[in-house]
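A.B. asks: One structure, as structure tokens, below. Some questions next.
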Amino acid sequence: MSTLVLLGLGGCKHWDREWVQARQDNLDAAVEEFRAPSFGRVLCEGQGGEPLPNRGFTHYFLFDGNDAQKDIVAGLEGLDYSGGATESAFALAREDGITAHGYRIGEGVESANIEELLTADDCDTMPEGSLFVQFRESPAGDPELD
3 MSTLVLLGLG GCKHWDREWV QARQDNLDAA VEEFRAPSFG RVLCEGQGGE
53 PLPNRGFTHY FLFDGNDAQK DIVAGLEGLD YSGGATESAF ALAREDGITA
103 HGYRIGEGVE SANIEELLTA DDCDTMPEGS LFVQFRESPA GDPELD
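First residue of the sequence shown: 3, per the numbering used here; consecutive thereafter.
Here it is, written out as structure tokens:
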């Protein structure tokens, strides 16, 4: 009976190992594709997340320097990402659900949350103006800027 309830609620994918692995493989491929060109010195790199329908796996980079954003956005657009950018942030997505968000440390509402995440991940070098870039595997693929 409980199996029918779970199927009725659409929650069965949480336990589907092939579905979870496919999502992780999709993110890993996107990160490797992104690594190919050089966008500057990486201060920190990490990954995490849970394979749930509304929260996917993540992988992040923290780049040194203020000039990386323009090159990163252009590189991602060359890899079929689309979306929008401001001077201090960007949000891009591609059709398979991979999103890439970038935020400058010390600017915007996301900065405190990012600094907290980086501190918890033992990243102790976060100069103001450095660029946090996070890839997320998500079926939604919504590239909205906050």
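Here a beta-carbon is modelled for each residue, glycine too, at the ideal position from N, C-alpha and C.
1) In its own chain, which residues sit with a C-beta less than 6 angstroms from the C-beta of residue 96, not counting the 5 before and 5 after it?
2) In the structure shown, what three-state DSSP assignment does residue 45 receive?
3) Considering only C-alpha positions, which residue in the set 112, 121 and 106 is nearest to residue 130?
4) Rounding to the nearest angstrom, what Cα-Cα distance links residue 111 and residue 46 in this structure?
5) Can you tell me which of the three DSSP states residue 120 falls into?
6) How long is the line joining the alpha carbons of residue 99 and residue 113, rounded to whole angstroms?
7) Buried or exposed: where does residue 91 fall if 16 or more other Cβ atoms within 10 Å of its Cβ makes it buried?
8) Pull the bridge partners of residue 137 from the DSSP assignment, please.
9) According to DSSP, is residue 94 helix, strand or coil?
10) For residue 87, I'd like the list of residues in its chain whose CB is within less than 7 angstroms of its CB, leaving aside the five on either flank, ordered along the chain.
C.D. replies: The short version:
1) So the qualifying residues of the chain are 82 and 83.
2) strand
3) 106
4) 21 angstroms
5) helix
6) Going from the Cα of residue 99 to the Cα of residue 113 covers about 24 angstroms.
7) buried
8) 61 and 102
9) Of the three classes helix, strand and coil, the one that applies to residue 94 here is strand, per DSSP.
10) 75
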